[in-house]
Amino acid sequence: MSRLEIDADVLVLGGGPAGTWAALAAARAGARVVLADKGYCGTSGPTASGGNNLWNVPPGPARERSVQARFEDGGRLSEPAWMYRVLEETHHRVDELAGADHRFPSGDDGREVRTSLQVPEYMRRMRRRVHRAGVTILDHSPALELLTTGDGIVSGAAGLQRQNGYAPWSVRAGAVVVATGGCAFLSGSFGTNVDTGDGLLMAAEVGASFSGMEFSTAYALAPAWSGHSKGLMMQFATYYDADGRTLGDGGFSARGAAMAHLAAGRPVYARLDRARPDIRAAMRTSQPNYFLPLDKAGIDPFTQKYPVRAVLEGTVRGTGGIRVAGTDCADRRPAGRRRAPSSDSCRSTPCRCDAATGAARRVCRTA
Ligand SMILES: Cc1cc2nc3c(=O)[nH]c(=O)nc-3n(C[C@H](O)[C@H](O)[C@H](O)COP(=O)(O)OP(=O)(O)OC[C@H]3O[C@@H](n4cnc5c(N)ncnc54)[C@H](O)[C@@H]3O)c2cc1C
Numbered sequence: 181m182s183r184l185e186i187d188a189d190v191l192v193l194g195g196g197p198a199g200t201w202a203a204l205a206a207a208r209a210g211a212r213v214v215l216a217d218k219g220y221c222g223t224s225g226p227t228a229s230g231g232n233n234l235w236n237v238p239p240g241p242a243r244e245r246s247v248q249a250r251f252e253d254g255g256r257l258s259e260p261a262w263m264y265r266v267l268e269e270t271h272h273r274v275d276e277l278a279g280a281d282h283r284f285p286s287g288d289d290g291r292e293v294r295t296s297l298q299v300p301e302y303m304r305r306m307r308r309r310v311h312r313a314g315v316t317i318l319d320h321s322p323a324l325e326l327l328t329t330g331d332g333i334v335s336g337a338a339g340l341q342r343q344n345g346y347a348p349w350s351v352r353a354g355a356v357v358v359a360t361g362g363c364a365f366l367s368g369s370f371g372t373n374v375d376t377g378d379g380l381l382m383a384a385e386v387g388a389s390f391s392g393m394e395f396s397t398a399y400a401l402a403p404a405w406s407g408h409s410k411g412l413m414m415q416f417a418t419y420y421d422a423d424g425r426t427l428g429d430g431g432f433s434a435r436g437a438a439m440a441h442l443a444a445g446r447p448v449y450a451r452l453d454r455a456r457p458d459i460r461a462a463m464r465t466s467q468p469n470y471f472l473p474l475d476k477a478g479i480d481p482f483t484q485k486y487p488v489r490a491v492l493e494g495t496v497r498g499t500g501g502i503r504v505a506g507t508d509c510a511d512r513r514p515a516g517r518r519r520a521p522s523s524d525s526c527r528s529t530p531c532r533c534d535a536a537t538g539a540a541r542r543v544c545r546t547a
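Here this note's numbering = 1-based position in the sequence shown + 180.
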């Protein structure tokens, strides 16, 4: 059992999409980077476990319409500037992935459809890219606390090496990126076993503030014996009660009716009968994991009903997190306030949007 102590320019906590993209960007800028993950970077977390649909809309009128539609859907509470930023970032990174030979599925016309990722392959490649960029990866090394200087400025983190007799590690760094995902605390939701809110807690301990937590999709629907709560599938669902009566109008808008029914202790069934026959194969290709438990049970979800349950996703679908304070991801609070008991030393850039490409990330920096 040996203690590990490293000095770095940038320490990234978490090796999901946000962490790996952040590490890559820092290494490309010439920084000495360490990335520590609780699990094995490249296989850990909800993105690495599933298939991801991407909000990837090219610049132009379609992007304008998409942002406007989401702005309206969100009761005009969201910030279009951030949506444009996430869209732009996602678009660039998907282009970069395509340039790095990532394979996207083809549409009927034979052209690539860049709106979903086969993420086990995506994250495997991200790990390789991070490694090749010279980043030191600490696998199975959960961070337990952020380190601070005497005046409360974040200066690194410390944790344990699970595969080295739980020996302690510590990294002193000029900047710490907290990319440890949201919190679905041990709910069994697909791939979220590692998302126990550690980074949020560590940030809170050094005085970070939070925003948008209340707007996260706390619960989602999954087949009753599965933890795979793919929201996109459910836009094609019609929901039924135990007597076969339809709940709500179907699709996303009926989710509330289905949830209310479940909350009252009554069973709810779904059938993906709103999916046109011509897109069913594409649904299977883009989200194969969703169909596995249904196939094993001998259920054709397009023609047969299956029971669903509500699964806690907490803040994993990422609208809430450490408070973002500026477009450059820096905290603008006056220096004099940084010594407050609940230290303001944590400058934060949380995600306002889901971004399987890691377009959003969370950062705590030193001054
Ligand atoms: C069922 C489901 C379906 C989804 N579908 C989509 C979709 O189709 N499209 C989409 O864009 N988004 C989707 N999302 C959301 C998406 O998965 C998240 O937005 C994304 O994974 C966030 O990436 P991240 O890197 O911030 O965090 P994560 O992917 O959660 O990664 C966090 C990483 O931090 C590590 N970690 C945690 N604690 C510590 C610690 N203490 N020390 C060190 N490392 C730690 C974990 O091991 C993990 O590797 C879905 C989520 C769920 C649950």
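Heads up, the beta-carbon is just placed ideally off N, CA and C, and yes, glycines get one too.
Exercise for the section: Would you check whether ligand 1 has a heavy atom nearer than 7 Å to the C-beta of Asp319? Expected result: Within the sequence shown, the letter at position 139 stands for residue 319. Relative to ligand 1, Asp319 has its C-beta separated by 7 Å or more from all heavy atoms.
Problem - C-beta contact flag for Ala337 and Leu193 at 8 Å - result: For the purposes of this step, residue 337 is taken as the residue at position 157 of the sequence shown. For the purposes of this step, residue 193 is taken as the residue at position 13 of the sequence shown. Yes, they are a contact pair.
Handout entry: Proximity below 8 Å, CB of Thr270 to CB of Leu234
Key = One-based indexing of the sequence shown puts residue 270 at position 90. One-based indexing of the sequence shown puts residue 234 at position 54. Yes; because the gap between Cβ atoms is below 8 Å, this pair is in contact.
Problem - Contact the region 358-373 vs the region 482-499: 3+ CB pairs below 8 Å - result: yes
Handout entry: Distance cut-off 7 Å: Ser182 Cβ against heavy atoms of ligand 1
Key = The residue given as residue 182 occupies position 2 in the sequence shown. For ligand 1, not one heavy atom lies less than 7 Å from the Cβ of Ser182.
Handout entry: Contact the region 369-381 vs the region 223-239: 3+ CB pairs below 8 Å
Key = yes
Exercise for the section: Could you tell me if the beta carbon of Glu268 falls within a distance shorter than 7 Å of some heavy atom in ligand 2? Expected result: For ligand 2, the structure offers nothing, since it holds only ligand 1.
Practice task
Over the uninterrupted alpha helix (DSSP H) stretch that includes Arg245, give me the two end residues.
Solution key: Locating residue 245 in the sequence shown gives position 65, counting from the first residue. Here the alpha helix (DSSP H) through Arg245 covers Pro241 to Asp253.
Problem - Inter-residue Cα distance where the pair is Val504 and Ala388 - result: On the sequence shown, residue 504 is found 324 positions in, with the first residue counted as 1. On the sequence shown, residue 388 is found 208 positions in, with the first residue counted as 1. Roughly 10 Å separates the two Cα atoms.
Problem - Cutoff 8 Å: Asn344 Cβ touching any chain D Cβ - result: Of the protein chains in this structure there is only one, and it is not chain D.
Handout entry: Gly230 to Gly445 span [Cα, whole Å]
Key = Taking the first residue of the sequence shown as 1, we reach residue 230 at position 50. Taking the first residue of the sequence shown as 1, we reach residue 445 at position 265. One C-alpha to the other measures close to 29 Å.
Exercise for the section: Figure out for me which residue from Arg307, Gly411 and Ala205 has the closest Cα to the Cα of Tyr470. Expected result: Looking up residue 470 in the sequence shown gives position 290. Selected option, being the one with the closest Cα: Gly411.
Exercise for the section: State the start and end residues of the unbroken alpha helix (DSSP H) segment that holds Asn469. Expected result: The sequence position of residue 469 within the sequence shown is 289, counting from 1. Its alpha helix (DSSP H) spans residues Pro468 to Lys476.
Problem - Sub-8 Å separation of Thr200 and Val310 beta-carbons - result: Looking up residue 200 in the sequence shown gives position 20. Looking up residue 310 in the sequence shown gives position 130. Their beta carbons are under 8 Å apart, which means Thr200 touches Val310 by this criterion.
Handout entry: Distance CB(Tyr449)-CB(Ala434) smaller than 8 Å
Key = To locate residue 449, count along the sequence shown from 1; it is residue 269. To locate residue 434, count along the sequence shown from 1; it is residue 254. No, Cβ-Cβ distance for Tyr449 and Ala434 is not below 8 Å.
Practice task
Provide the residue span of the beta strand (DSSP E) that contains Ser350, from first to last.
Solution key: Counting from 1 along the sequence shown, the entry for residue 350 is found at position 170. First-last of the beta strand (DSSP E) with Ser350: Ala347 to Val358.
Exercise for the section: Compute the minimum distance between the beta carbon of Leu412 and the heavy atoms of ligand 1, and state whether it is under 7 Å. Expected result: As a position in the sequence shown, residue 412 is number 232, starting the count at 1. Yes; taking the cut-off as 7 Å, the Cβ of Leu412 has a heavy atom of ligand 1 nearer than that.
Problem - Cβ pair count under 8 Å reaching 3, the region 204-215 against the region 307-325 - result: Touching, yes, given that three or more Cβ pairs across the two stretches are closer than 8 Å.
Problem - Residues bridged to Leu442 [DSSP beta-bridge criterion] - result: Position 262 of the sequence shown, counting from 1, holds the residue named residue 442. DSSP, once it has assigned bridges, lists no residue as partnering Leu442.
Problem - C-alpha gap between Asp281 and Gly424, whole angstroms - result: For the purposes of this step, residue 281 is taken as the residue at position 101 of the sequence shown. For the purposes of this step, residue 424 is taken as the residue at position 244 of the sequence shown. One alpha carbon belongs to Asp281, the other to Gly424, and they sit about 47 Å apart.
Exercise for the section: Have a look at Ser396 and Val274 and give me their C-alpha separation to the nearest angstrom. Expected result: By one-based count along the sequence shown, residue 396 stands at place 216. By one-based count along the sequence shown, residue 274 stands at place 94. Rounded to the nearest whole angstrom, the CA to CA distance from Ser396 to Val274 is 25 Å.
Exercise for the section: State yes or no: is the C-beta of Leu340 within less than 8 Å of the C-beta of Met382? Expected result: In the sequence shown, residue 340 corresponds to position 160, counting from 1. In the sequence shown, residue 382 corresponds to position 202, counting from 1. Their beta carbons are not under 8 Å apart, which means Leu340 does not touch Met382 by this criterion.
Practice task
Go through the region 353-437 residue by residue and report every complete run of the alpha helix (DSSP H) that reaches 4 residues or more, in order.
Solution key: 378-385 and 411-414
Practice task
Find the nearest neighbour of Ala438 within the set Ala461, Thr328 and Pro403, judged by alpha-carbon distance.
Solution key: If you number the sequence shown from 1, residue 438 lands on position 258. The option with the nearest alpha carbon to Ala438 is Pro403.
Problem - Close Cβ partners of Ala249 (< 6 Å) along its chain, the five nearest in sequence each way excluded - result: Here residue 249 corresponds to residue number 69 of the sequence shown, with the count starting at 1. None.
Exercise for the section: From the DSSP output, in three-state form, read off Gly501 for me. Expected result: Start at 1 with the first residue of the sequence shown, and residue 501 comes out as number 321. In the three-state reduction of the DSSP assignment, Gly501 falls in the strand class, which pools E and B.
Handout entry: Residue interval of the beta strand (DSSP E) (run including Gly279)
Key = Translated into positions along the sequence shown, residue 279 becomes position 99. Taken as a continuous stretch (DSSP letters only), Gly279 belongs to no beta strand (DSSP E), being part of the alpha helix (DSSP H) at Pro260 to Gly279.
Exercise for the section: In the DSSP assignment, find the unbroken beta strand (DSSP E) run with Thr328 in it and report its ends. Expected result: By one-based count along the sequence shown, residue 328 stands at place 148. Residues Ala323 to Thr328.
Problem - Pro226, enclosing alpha helix (DSSP H) - first and last residue - result: For the purposes of this step, residue 226 is identified with residue 46 of the sequence shown, where counting begins at 1. It spans Pro226 to Ser229 - the alpha helix (DSSP H) in which Pro226 sits, taken as one unbroken run.
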